[in-house]
Amino acid sequence: MSDLTTRYMGLTLKSPLVASASPLCESAENIVKLEDQGVAAVVLPSLFEEQLVLESLRVDADLERGSDSFPESLNFLPDLHTYNLGPDGYLELIRSAKARVSIPVIASLNGVTSGGWIEYAKLMQDAGADAIELNIYSIATDPMQSGDTVEKGYLDLVSRIKKGVRVPVAVKLSPFFSAPANFSKRLCEAGADGLVLFNRFYQPDFDIEDREVVPSLVLSRPEELLLRLHWVAILYGHVDADLGVTGGVHSAQDVVKCIMAGAKVACMTSALLRNGAQHAGRVVTALNNWLDEHEYASVAEMCGSMSYNAVPDPTAYERGNYMKVLGSYTL
Ligand SMILES: Cc1cc2nc3c(=O)[nH]c(=O)nc-3n(C[C@H](O)[C@H](O)[C@H](O)COP(=O)(O)O)c2cc1C
Numbered sequence: 105m106s107d108l109t110t111r112y113m114g115l116t117l118k119s120p121l122v123a124s125a126s127p128l129c130e131s132a133e134n135i136v137k138l139e140d141q142g143v144a145a146v147v148l149p150s151l152f153e154e155q156l157v158l159e160s161l162r163v164d165a166d167l168e169r170g171s172d173s174f175p176e177s178l179n180f181l182p183d184l185h186t187y188n189l190g191p192d193g194y195l196e197l198i199r200s201a202k203a204r205v206s207i208p209v210i211a212s213l214n215g216v217t218s219g220g221w222i223e224y225a226k227l228m229q230d231a232g233a234d235a236i237e238l239n240i241y242s243i244a245t246d247p248m249q250s251g252d253t254v255e256k257g258y259l260d261l262v263s264r265i266k267k268g269v270r271v272p273v274a275v276k277l278s279p280f281f282s283a284p285a286n287f288s289k290r291l292c293e294a295g296a297d298g299l300v301l302f303n304r305f306y307q308p309d310f311d312i313e314d315r316e317v318v319p320s321l322v323l324s325r326p327e328e329l330l331l332r333l334h335w336v337a338i339l340y341g342h343v344d345a346d347l348g349v350t351g352g353v354h355s356a357q358d359v360v361k362c363i364m365a366g367a368k369v370a371c372m373t374s375a376l377l378r379n380g381a382q383h384a385g386r387v388v389t390a391l392n393n394w395l396d397e398h399e400y401a402s403v404a405e406m407c408g409s410m411s412y413n414a415v416p417d418p419t420a421y422e423r424g425n426y427m428k429v430l431g432s433y434t435l
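Numbering-wise (the numbering used here), the sequence shown opens with residue 105 and increments by one.
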């Protein structure tokens, strides 16, 4: 039997399979089921900056001011007091999950600006969270806002969160940066202990008959893994953080690919939502079998074996590969 353990941000996980943030991790009962099926850590659904800002204004008994400070956005938002359990329910979930499982429980914050709301990371830590995952979901829609400004804002956010907690902090990143390798390196300098590649963005469709925007949540497909593998393979060995993959991890083979690219963890949501928690059990068994059959003694031995680390000029290599791929198509 191979050694499936992996070290992620200083935490020892019994395998690389992590359940990423989703409603599946919204109750202690489900988290127990995921642990029973071999999931090695869970990420709780995110608490949003907007929820925490509103909560702190409520505590000040000044809800009016709260509405004024983001009057338009309040109309767009769901019920902030109960969304993903609300701030108090969230801390309670951390406590009850920690009381019932032995796997690490990672709390998730979703925000963009460096306001007082980030102090909530410490409350998550004090409630027992083993790490914090920061999901920076923001679409830079303002034509006056430069990439540099956006990036500086994120770096400031990460360093301020890091200063407030002693548990490790991972950043769940978007693929849409002009220089992702440089930005990843600077996130690590700002204190990120882990980088999770990549966020999946909400991509509304159009109903062309009724001329309406149709919100849709489409679960991922395994092909989405390729973008993540590519970037993990590029970053491996060049950033001072543990790498994780989220997006398109559906099978044990996908987990093997993530590890070979250089990830310490492979996070799964869509496949678990589609097939139930038992799917995790099947994936862990198949992963073990795969390693045995291919005579790998451990996951660690495989890590980064398909990364770009040994490629002297990755940019030239990328251009060469691009030309080869285009040339490989025969009419
Ligand atoms: C229903 C649903 C809810 C999600 N909620 C969150 C969330 O609260 N915070 C977060 O960072 N990601 C959230 N995600 C994104 C997942 O954690 C994951 O990154 C994404 O689904 C890609 O992984 P997958 O291909 O395994 O599904 C959610 C995804 C789904 C499908």
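Positions of the beta carbon are idealized from the N, C-alpha and C atoms, including for glycine.
Every value quoted in this text rests on a predicted model; they were computed, and no experiment measured them.
| query | result |
| --- | --- |
| Please give me, in chain order, every unbroken run of the alpha helix (DSSP H) with length at least 4 that falls completely inside the region 240-286. | 251-268 |
| So does V359 have its beta carbon nearer than 7 Å to some heavy atom of ligand 1? | no |
| Within the present structure, is the beta-carbon of S124 separated from the nearest heavy atom of ligand 1 by less than 7 Å? | yes |
| Given 8 Å as the limit, is there contact between the region 275-283 and the region 311-330, that is, 3 or more CB pairs closer than that? | no |
| Smallest Cα separation from G352: which of R111, A123, V254? | A123 |
| State the Cα-Cα distance for the pair C362 and L301, rounded to the nearest angstrom. | 11 Å |
| Helix, strand or coil for V205? Go by DSSP, reduced to three states. | coil |
| DSSP on Y412, reduced to helix/strand/coil? | coil |
| Kindly give me the distance between the Cβ atoms of A231 and V271, rounded to whole angstroms, as I take these residues to be in contact under 8 Å. | In fact, because the Cβ distance is near 11 Å, the residues do not count as touching under 8 Å. |
| Residue range of the beta strand (DSSP E) that L347 falls in? | 346-350 |
| Can you tell me whether V388 is buried or exposed? The criterion is at least 16 other CB atoms within 10 Å of its CB, across all chains shown. | buried |
| For a minimum of 3 consecutive residues, which ranges assigned as the beta strand (DSSP E) are wholly contained in the region 343-402? | 346-350, 369-372 |
| Kindly indicate the opening and closing residues of the beta strand (DSSP E) around A123. | 121-123 |
| May I ask you to check if the CB of E328 is nearer than 7 Å to at least one heavy atom of ligand 1? | yes |
| Would you call the region 196-204 and the region 108-123 touching, i.e. three or more CB-CB distances under 8 Å? | no |
| Based on the DSSP secondary-structure assignment, which residues constitute the bridge partners of G424? | In the DSSP output, where bridge partners are listed per residue, G424 has none listed. |
| According to DSSP, is E196 helix, strand or coil? | helix |
| Could you give the residue range of the alpha helix (DSSP H) that holds D230? | 224-230 |
| Just the C-alpha distance for V209 and H398, rounded to the nearest angstrom, thanks. | 31 Å |
| Suppose the cutoff is 8 Å on Cβ atoms and the five residues either side in sequence are ignored; what does the same chain contact list for G219 look like? | E153, V157 |
| Using beta-carbon positions only, say whether S212 and S150 come within less than 8 Å of one another. | yes |
| With a threshold of 6 Å on Cβ separation, who are the neighbours of Y412 within its own chain once the five nearest residues in sequence on each side are excluded? | A337, I338, P418 |
| Just checking my contact of Y340 with L347 at CB under 8 Å: how many whole Å lie between their CB atoms? | 6 Å |
| Using only alpha-carbon positions, find the residue among T217, V429, D140, E159 that is nearest to D260. | T217 |
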